[in-house]
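Input: a single structure, listed below in structure tokens.
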Amino acid sequence: MLTFSRNKPLHFLFQPVHIAPLATFRVLFGAVMFAGMVRFMAKGWVYDLYVKPTFYFTYYGFEWVKPLGTFGMYALFTSVALSAFLVMIGLAYRVAAVAFFLGFTYIELIDKTNYLNHYYFITLVSFLMALLPAGRYFSVDAWLQPAIRRTHVPRWMVGALQLQLAMVYFFAGVAKLNYDWLFRAMPLRIWLPPHIGLPLIGPLMDETWVAYAFSWFGAVYDLFIVFLLADRRTRLFAYALVLAFHLMTAWLFPIGMFPYVMILLTLVFFPASFHRKAVDTAGRRLRKARAEAVPAPIRALQPVWPARLLVGVLAVHFAVQLLLPFRYLLYPGQLFWTEQGYRFSWRVMLMEKAGTVFFYVTDPTTGREGEVVNRDFLTPNQEKMMATQPDMILQFAHFLADHYRQQGITHPKITAESYVTLNGSGSRPFLDRTVDLTKEREGFAPKRWILSFSDSR
Amino acid sequence: VLFFLSLAGAFTACNDKGTELKKDGFDRKALLANVGNNIIVPNYVAFNAAATQLHTAAGQFAANPDASSLGTLQNQLKEAYRAYQSVALFELGPAEQELLRANLNTFPADVNQINANIGAGTYDLGTASNLDAKGFPALDFLLFGLGTDAPAVVGQYTTDANAARRKKYLTDLTLEIKNKAEKVNTAWSATGGNYLNTFVNADGTDAGSSLGLLVNQLNWEYELLKNAKLGIPLGKKTLGTPLPESVESYYSGMSSELARLGFQNLENVYFGKDKSGNNGTGLDDYLVSLNARRGETTLAEAIAGQLQVAKNKLAALNDPLANAIRSNPAPANEAYAEIQKGVVLLKTDMPSQLGVLITYQDNDGD
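Order-wise, the sequence lines are chains Y and Z. Each residue of the first sequence is one higher than the one before, counting from 1 in our numbering. Each residue of the second sequence is one higher than the one before, counting from 458 in our numbering.
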């Protein structure tokens with residue numbers, strides 16, 4: 001076992017470790033992504049989410065990301081699925097990994113209606129995968145060109161993936177340390193009772209203590225699971241918890257592939273010996289029987305890239321992630337209510353929030369007022385997601401202003417009357433309905449037209 | 458799972474101080490069974506009967522067009538249109554498959570398209586461009602909108618150059634309504650497709666569950682009432698310029714009555730009430746069992762109160778609604794405003810408390 005050198009902390013990061021964990025991570029990630037993309041297409045969501053809508057809620061700074069039309073979107077999804085497959089088998093690995101990262105991220109940037117922390121996580125992991133030499137072992141590439149095959153990589157390469165997973169869990173745990181979650185068992189107290197029909201555990205689902213138990217267990221799990229996984233003595237117990245936790249959430253909530261993604265990817269915390277055994281077994285099954293049948297000479301990676309530059313890129317990558325969850329502190333008001341600084345922070349399944357928003361358009365030259373039927377422009381899901389998120393409301397208001405300008409109203413005034421309920425609070429006024437939203441600009445500045453949660457009760 | 462639960466239990470042991478033990482145990486299956494057996498199925502049976510009679514009356518009129526057969530047919534249309542209001546909400550399962558709402562009641566009718574179809578003599582009623590040239594709105598025009606009195610209307614089916622084609626078009630429309638009503642009714646009935654059984658047993662809360670579909674459709678119909686039946690004629694979408702001729706049933710002039718019937722059905726579904734007023738398990742009972750609150754009152758009280766206010770405002774509307782909007786839009790505007798307040802309660806508070814989802818896509822609650 002390699003020991004940590006006090007004198008050279010960086011040296012520890014560059015010590016060679018076996019590459020097998022990277023290779024199995026690659027295979028599992030590629031496989032589950034391939035399955036995920038195929039599932040997405042099979043469910044018809046490409047059409048529902050990226051072809052059918054007439055308006056898309058773009059991300060600030062990424063307004064140029066547009067859907068590509070029916071053929072274009074299916075072609076994009078197909079190529080992303082194909083790159084996931086190539087990543088899995090390790091063929092043209094680097095090209096495939098970069099293509100997957102770019103393609104997947106492009107899809108996610110089209111419409112923030114569909115933002116999920118899970119998808120953000122995939123984007124981040126695929127970025128790491130595009131940088132790491134995960135295709136140099138147990139891959140078609142290494143089989144075709146034995147010269148590129150490597151058995152060892154610097155420790156930070158495996159560590160980066162472990163850190164990425166660690167951050168997701170830990171921040172998800174930190175996010176749960178709030179009053180509603182811990183002391184009101186919200187939103188689980190709303191979300192669990194509908195499951196009383198389930199076999200075995202159903203009758204427990206409307207017990208208040210169960211909602212508290214799930215809330216507290218979830219918080220403790222998220223905060224500490226990585227530490228338990230990292231320690232050899234608790235690892236197996238920890239992995240049993242991983243299985244129990246994610247299978248439970250998969251059973252109870254409509255969260256798609258995510259539980260399976262986490263169940264598979266947390267294996268990266270297991271030691272290299274475990275992964276080598278897995279690779280050897282799989283290799284024999286594949287009748288290649290060559291992976292480690294004959295002990296191969298150690299061939300450590302001599303990075304073509306300046307390794308320190310790569311480490312620098314990763315340092316920025318992780319520093320940004322470290323800071324993003326705390327940017328909400330720069331905004332006034334209650335985070336869950338205003339959602340300023342909410343995304344990209346691993347706030348998963350934290351609140352039950354719903355709203356309704358009515359848009360009014362006024363022609364100041366005539367004083368005449370009308371109301372907008374949101375469904376003329378938005379899908380039910382877009383309307384629902386928009387109703388609780390001020391930046392989306394503002395985007396839609398600007399879209400409406402353009403629409404009415406085309407109808408001949410030179411300076412339309414757009415106001416929004418909206419009501420939101422948060423964790424069973426009962427609906428209350430959300431935005432200042434006198435504010436002309438066409439005069440407000442999107443950006444990082446606080447949105448002063450959001451009413452405060454406590455005042456609007 | 459057992460392992461997980463025992464662990465969860467261990468966590469609670471340190472935490473049950475100050476936790477009130479509450480058990481709701483609401484029986485969603487009972488709610489669905491009540492709404493299915495006592496509201497949906499009887500309403501489809503009634504609608505199917507009215508649609509059959511409508512087609513029969515249309516056939517008799519076509520065979521012998523005179524003032525008397527026209528009067529009978531006009532009354533049958535009104536009856537069927539009334540009966541339709543009590544099933545319009547249930548656009549799930551069989552009705553969703555038949556796209557009943559779009560096929561039967563896309564209004565206002567496109568008169569030019571109707572006349573073009575009749576003039577051409579050939580048409581495909583299944584295309585999207587014909588949605589507003591068929592169904593009740595088109596029949597409303599064909600039976601009430603072709604002349605100021607019965608002889609004038611009858612003339613269009615006897616002496617007019619296109620009389621034969623018009624009669625054919627008329628019966629093609631009533632046949633489509635009859636066929637669709639029959640299909641949906643059969644699909645629900647225990648002796649037919651028994652969708653009732655499927656409906657009662659899909660008792661989860663996901664988007665595909667019966668409760669999810671019902672809550673979504675209740676909201677859809679409620680907003681349709683607000684926007685299409687009142688808002689658009691009042692000029693809400695046209696910066697205050699009223700469009701009175703875009704009301705439902707413009708030519709027969711029974712728009713307010715139809716709006717009230719639709720609202721009544723909506724209310725019945727919410728309270729779990731059948732046509733004779735027997736109040737069974739409904740969404741209100743579910744909200745009560747969840748102890749859902751809104752401000753100082755319970756959510757169930759807030760909704761019941763708002764529905765009552767809106768209903769009173771609807772009761773004050775005269776027919777023909779188009780004329781009322783032209784001469785004095787204030788009552789319709791008031792009804793619109795009160796219905797709007799209900800949208801917030803039904804669309805935001807209720808689904809949020811019930812944990813009902815509106816989409817099938819993955820979700821991590823953020």
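Think of the CB as a built atom: it goes at the ideal place given N, C-alpha and C, for glycine as much as any other residue.
Can you give me the Cβ contacts of residue i inside the same chain, cut-off strictly under 7 angstroms, excluding the 5 residues immediately before and after it?
i: Ala238 of chain Y; result: Ile225, Leu228 and Leu229
i: Asp629 of chain Z; result: Leu582
i: Ala595 of chain Z; result: Ala566, Ile571 and Leu630
i: Gln797 of chain Z; result: Lys683
i: Pro332 of chain Y; result: Pro446
i: Asn790 of chain Z; result: Leu691
i: Thr615 of chain Z; result: Pro522
i: Arg343 of chain Y; result: Tyr115
i: Lys486 of chain Z; result: Val657 and Asp660
By Cβ distance, which residues of its chain are closer than 6 angstroms to residue i, with the 5 residues on each side in sequence left out?
i: Glu383 of chain Y; result: Asn374
i: His118 of chain Y; result: Phe258
i: Trp449 of chain Y; result: Leu431, Asp432 and Val435
i: Gly443 of chain Y; result: none
i: Leu478 of chain Z; result: Confidence at Leu478 of chain Z is low in this model, with a pLDDT of 36, below 50, so the placement of that residue is unreliable and no value is reported for it.
i: Gly710 of chain Z; result: Asp776 and Pro777
i: Phe483 of chain Z; result: Tyr743 and Ser746
i: Ala781 of chain Z; result: Asn775
Alpha carbon to alpha carbon, how far is residue i from residue j?
i: Ser784 of chain Z; j: Gly602 of chain Z; result: 21 angstroms
i: Phe12 of chain Y; j: Arg155 of chain Y; result: 7 angstroms
i: Thr54 of chain Y; j: Ala401 of chain Y; result: 15 angstroms
i: Lys686 of chain Z; j: Gly493 of chain Z; result: 26 angstroms
i: Tyr743 of chain Z; j: Tyr137 of chain Y; result: 58 angstroms
i: Leu10 of chain Y; j: Met33 of chain Y; result: 33 angstroms
i: Pro522 of chain Z; j: Asn619 of chain Z; result: 14 angstroms
i: Phe214 of chain Y; j: Ala659 of chain Z; result: 26 angstroms
i: Ala307 of chain Y; j: His18 of chain Y; result: 17 angstroms
i: Leu192 of chain Y; j: Leu286 of chain Y; result: 44 angstroms
i: Asn500 of chain Z; j: Pro429 of chain Y; result: 38 angstroms
i: Phe318 of chain Y; j: Met205 of chain Y; result: 38 angstroms
i: Thr695 of chain Z; j: Met186 of chain Y; result: 42 angstroms
i: Leu511 of chain Z; j: Asn532 of chain Z; result: 9 angstroms
i: Ser126 of chain Y; j: Lys693 of chain Z; result: 48 angstroms
i: Arg469 of chain Y; j: His411 of chain Y; result: Since the first and last residues shown for chain Y are 1 and 457, residue 469 of chain Y lies out of range.
i: Pro466 of chain Y; j: Leu549 of chain Z; result: The shown model of chain Y, from 1 to 457, leaves out residue 466 of chain Y, and the question about it has no answer.
i: Thr123 of chain Y; j: Val242 of chain Y; result: 22 angstroms
i: Leu422 of chain Y; j: Tyr179 of chain Y; result: 13 angstroms
i: Asn636 of chain Z; j: Leu556 of chain Z; result: 13 angstroms
i: Asn722 of chain Z; j: Pro699 of chain Z; result: 27 angstroms
i: Lys625 of chain Z; j: Phe100 of chain Y; result: 58 angstroms
i: Leu588 of chain Z; j: Thr563 of chain Z; result: 6 angstroms
i: Leu814 of chain Z; j: Phe728 of chain Z; result: 21 angstroms
i: Ile414 of chain Y; j: Pro390 of chain Y; result: 14 angstroms
i: Pro21 of chain Y; j: Gln406 of chain Y; result: 57 angstroms
Report back the beta-carbon spacing between residue i and residue j to the nearest angstrom; my notes put them in contact at under 8 angstroms.
i: Leu161 of chain Y; j: Leu128 of chain Y; result: 6 angstroms
i: Asn801 of chain Z; j: Ser427 of chain Y; result: For the sequence presented, residue 801 of chain Z should be read as Val rather than Asn. With 8 angstroms as the limit, Val801 of chain Z and Ser427 of chain Y qualify as a contact, their Cβ atoms being about 5 angstroms apart.
i: Val279 of chain Y; j: Ala23 of chain Y; result: 6 angstroms
i: Tyr541 of chain Z; j: Phe518 of chain Z; result: With a Cβ gap of about 20 angstroms, Tyr541 of chain Z and Phe518 of chain Z do not count as contacting.
i: Val140 of chain Y; j: Leu82 of chain Y; result: That belief does not hold up - the Cβ atoms of Val140 of chain Y and Leu82 of chain Y are roughly 14 angstroms apart, past 8 angstroms.
i: Ala507 of chain Z; j: Ala537 of chain Z; result: 4 angstroms
i: Val87 of chain Y; j: Phe25 of chain Y; result: Wrong, their Cβ atoms sit about 10 angstroms apart, outside the cutoff.
i: Ala749 of chain Z; j: Gln674 of chain Z; result: Not confirmed; about 20 angstroms, so no contact.
Below 8 angstroms CB to CB, which residues in the same chain sit around residue i once its five sequence neighbours on both sides are set aside?
i: Glu633 of chain Z; result: Asn560, Leu582, Lys591 and Gly592
i: Tyr106 of chain Y; result: Val65 and Leu76
Does the beta-carbon of residue i, which I'm using as the reference point, lie nearer than 7 angstroms to any heavy atom of the ligand FAD?
i: Trp251 of chain Y; result: The ligand FAD is not part of this structure, which contains no ligands at all.
- In chain order, which continuous runs of the beta strand (DSSP E) of length 3 or greater are located wholly inside the stretch 55 to 134 of chain Y? none
- Message: With three or more beta-carbon pairs closer than 8 angstroms as the criterion, would you say the stretch 321 to 337 of chain Y touches the stretch 27 to 46 of chain Y?
- Response: no
- Item | Sufficient close CB pairs (3 or more, under 8 angstroms) joining the stretch 409 to 429 of chain Y to the stretch 357 to 377 of chain Y | yes
- Item | Cβ contact check for the stretch 363 to 374 of chain Y and the stretch 481 to 490 of chain Z: 3 or more pairs under 8 angstroms | no
- Message: Measuring CB atoms only, is the stretch 704 to 716 of chain Z touching the stretch 537 to 551 of chain Z, in the sense that at least three cross pairs come out at less than 8 angstroms?
- Response: yes
- Task: Within the stretch 534 to 574 of chain Z, note down every full beta strand (DSSP E) run reaching 3 residues or more, in order along the chain.
- Result: none
- Answer yes if the stretch 62 to 71 of chain Y comes into contact with the stretch 100 to 118 of chain Y, meaning at least three C-beta pairs across the two stretches below 8 angstroms, and no otherwise. yes
- Message: So within the stretch 720 to 766 of chain Z, which uninterrupted alpha helix (DSSP H) runs reach at least 4 residues, ignoring any that extend past its ends?
- Response: 740 to 746
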